[in-house]
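Just add 3 to the spot in the sequence shown (first one is 1) and you have my numbering. Contents: one structure, followed by commentary.
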Amino acid sequence: MAIKLNKNFENIKQSYLFSEIAARVRKYSAENSNAKIIRLGIGDVTLPLTPTVISAMHKAVDEMANQSTFRGYAPEYGYDFIRSAVADYYKKFNVSLLANEVFVSDGAKSDIGNIVDIFGDNDIVIPDPVYPVYMDSNLMSGRKIKLILASEENDFLPMPDLLDGGSAVIYLCSPNNPTGAVYNREQLKVWVSYAVKSGSVIIFDSAYEAYIKGNYPHSIYEIEGAKSCAIEICSLSKTAGFTGTRCAWTVIPDELVIDGVKLNTRWARRQATKFNGVPYVIQRAAEAALTKQGQSESAELVKYYMNNARLISDVLKKKNIWYKGGICSPYIWLKCPNNMGSWEFFDYLLEKLQVVGTPGEGFGKGGEGYFRLTSFGSLEATLEAISRFDAKL
Ligand code: MLT
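In structure tokens:
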């Protein structure tokens with residue numbers, strides 16, 4: 004008898020959104036070798052790591068070259084120095100965490116995908132549209148998913164009134180990828196009190212918190228009661244330019260207990276078996292990124308990208324194209340012109356303007372008719388894309 008495969012994979016799209024885009028762009032480039040393609044699709048940073056981070060990395064590399072300072076396996080949850088540095092980082096949001104509530108990993112994407120392991124067969128609540136990893140990872144595990152529509156009507160911020168009051172694992176992303184919408188304090192209070200009342204767990208993805216301007220919560224733990232119902236996942240990818248360097252964290256407070264079991268202990272058990280820790284050199288780089296100097300250098304990166312976001316927004320305004328985002332988020336979420344479908348607009352932009360973006364439909368059915376542009380390109384590439392939009396859209 005043939006080996007049985009995980010049939011749940013038949014319920015997900017054949018390829019991951021950003022792999023699909025990369026494949027289409029590769030095909031187009033192969034057929035049009037002179038095309039000067041501008042990539043504003045995947046949210047991948049383009050500025051180099053900052054001086055403070057680089058110097059910490061160099062120092063750590065030198066330590067690895069010397070027998071007295073060499074390190075082998077890193078602790079699977081992160082060295083104490085980085086777990087404490089992350090806990091300290093939260094002080095600026097008036098959130099107090101213990102170092103052992105922080106688990107350091109190689110990426111928010113990995114943690115979001117892996118967190119499914121510690122839950123049983125619950126109802127899963129996912130906003131639509133949203134970062135596709137929430138949906139894909141739960142479908143791979145055969146979970147039942149309830150989508151809550153994020154639309155222009157609710158300002159792309161769905162609230163618990165769309166739910167039936169039963170317990171569920173609820174994914175929230177704020178600032179949202181892809182729409183750029185951000186929950187305010189009152190709205191997050193409603194979510195936290197819903198979770199506490201219904202016995203739900205919120206998985207809060209705060210990967211874009213460094214882009215927030217104004218008085219919005221950066222962490223769900225700024226909301227009273229959240230420690231008893233929420234896991235938070237954050238990353239240095241978009242903040243300090245670590246997309247290629249890889250360092251993120253998951254916070255599971257000690258208070259988060261389900262059926263007498265601490266989720267912190269469960270996740271620790273899962274990580275101990277399946278994860279071998281982030282390399283020492285990278286943890287030192289992450290520690291440097293979280294120092295005062297590191298944070299102020301990262302803020303300059305964010306400023307640069309947000310200038311791109313403003314330039315993209317300006318040209319869309321000029322062209323009377325509806326858009327959102329670009330204020331508390333590096334993403335611009337626009338309505339495809341002339342009622343084009345989102346993949347249709349993707350093809351149009353690629354073929355006529357040689358600009359790559361991300362079709363809204365890739366983030367869920369609710370994204371059909373919308374499109375995402377990232378501000379993570381270089382200023383030069385962004386300006387060139389803008390001049391093409393201006394001339395040809
Ligand atoms: C995105 O473009 O949505 C992100 O780059 C994906 C990710 O962070 O994994």
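Glycine residues also receive a C-beta, built at the ideal position from the N, C-alpha and C atoms.
- Got a sec? Which residues, its chain only, sit under 7 Å from N14 by beta carbon, not counting five neighbours each side? L142
- Under the DSSP definition of a beta bridge, which residues are partnered with S108? A251
- Message: Output needed for V284: all residues of its chain with C-beta closer than 6 Å, excluding positions within five of it in sequence on either side, in chain order.
- Response: M60, A63 and V64
- Between I45 and the ligand MLT, is the CB less than 7 Å from at least one heavy atom? yes
- Item | Proximity test, S108 beta-carbon vs the ligand MG heavy atom, cut-off 7 Å | The ligand content of the structure shown is limited to the ligand MLT, which means the ligand MG is not among them.
- Query: Cα separation between P132 and I45?
  - Reply: Approximately 16 Å between the Cα atoms of the pair.
- Task: Measure the alpha-carbon distance for S378 versus K200 and round it to whole angstroms.
- Result: The straight-line gap from Cα to Cα measures roughly 39 Å.
- Start-to-end residues for the beta strand (DSSP E) that takes in D131: It spans D126 to D131 - the beta strand (DSSP E) in which D131 sits, taken as one unbroken run.
- Distance between W346 and L396 (C-alpha atoms, nearest Å): 16 Å
- Item | Proximity test, Cβ basis, 8 Å: K39 and chain D | The displayed structure is made up of one protein chain only, and chain D is not part of it.
- Whether R375 touches P135 by CB criterion (8 Å): 8 Å or more divides the Cβ of R375 from the Cβ of P135.
- Cutoff 7 Å; reference D83; Cβ partners in own chain excluding five residues on either side: A102
- Kindly examine the ligand MLT and report whether one of its heavy atoms sits closer than 7 Å to the Cβ of N179. no
- Return the CA-CA distance between Y76 and G297, expressed in angstroms with no decimal places. 26 Å
- Message: Are the CB atoms of S222 and S209 within a distance shorter than 8 Å?
- Response: yes
- Touching or not, the segment 356-363 and the segment 316-332, by the rule of three or more beta carbon pairs under 8 Å? no
- Item | Where the alpha helix (DSSP H) through T385 begins and ends | L382 to K395
- Query: How long is the line joining the alpha carbons of N179 and G263, rounded to whole angstroms?
  - Reply: 32 Å
- Under 8 Å by Cβ, that's how I've got E104 and N267 pegged, so tell me the actual separation to the nearest angstrom. 6 Å
- Query: Is the segment 245-264 close to the segment 111-120, with three or more CB pairs under 8 Å?
  - Reply: They touch, by the three-pair rule.
- Item | Segment limits, beta strand (DSSP E) that includes T268 | No beta strand (DSSP E) holds T268; the alpha helix (DSSP H) holding it covers L266 to K277.
- Residue from L353, E235 and A153 with nearest C-alpha to N35: L353
- Item | Helix, strand or coil at W346 [DSSP, three-state] | Of the three classes helix, strand and coil, the one that applies to W346 here is helix, per DSSP.
- Item | Nearest-angstrom Cα separation, counted from T385 out to I206 | 33 Å
- Can we count Y134 as close to the ligand MLT, meaning its CB is less than 7 Å from some heavy atom? The nearest non-hydrogen atom of the ligand MLT is less than 7 Å from the C-beta of Y134.
- Item | I151 classed as buried or exposed, judged by whether at least 16 other C-beta atoms fall within 10 angstroms | By the 16-neighbour rule on beta-carbons within 10 angstroms, I151 is buried.
- Message: Using CA atoms only, rank isn't needed, just tell me which of P163, G183, A88 and F106 is closest to G363.
- Response: G183
- Message: With a threshold of 7 Å on Cβ separation, who are the neighbours of I215 within its own chain once the five nearest residues in sequence on each side are excluded?
- Response: P178, V185, H221 and C331
- Alpha-carbon spacing of Y351 relative to S390, whole angstroms: Distance between the alpha carbons of Y351 and S390 is about 16 Å.
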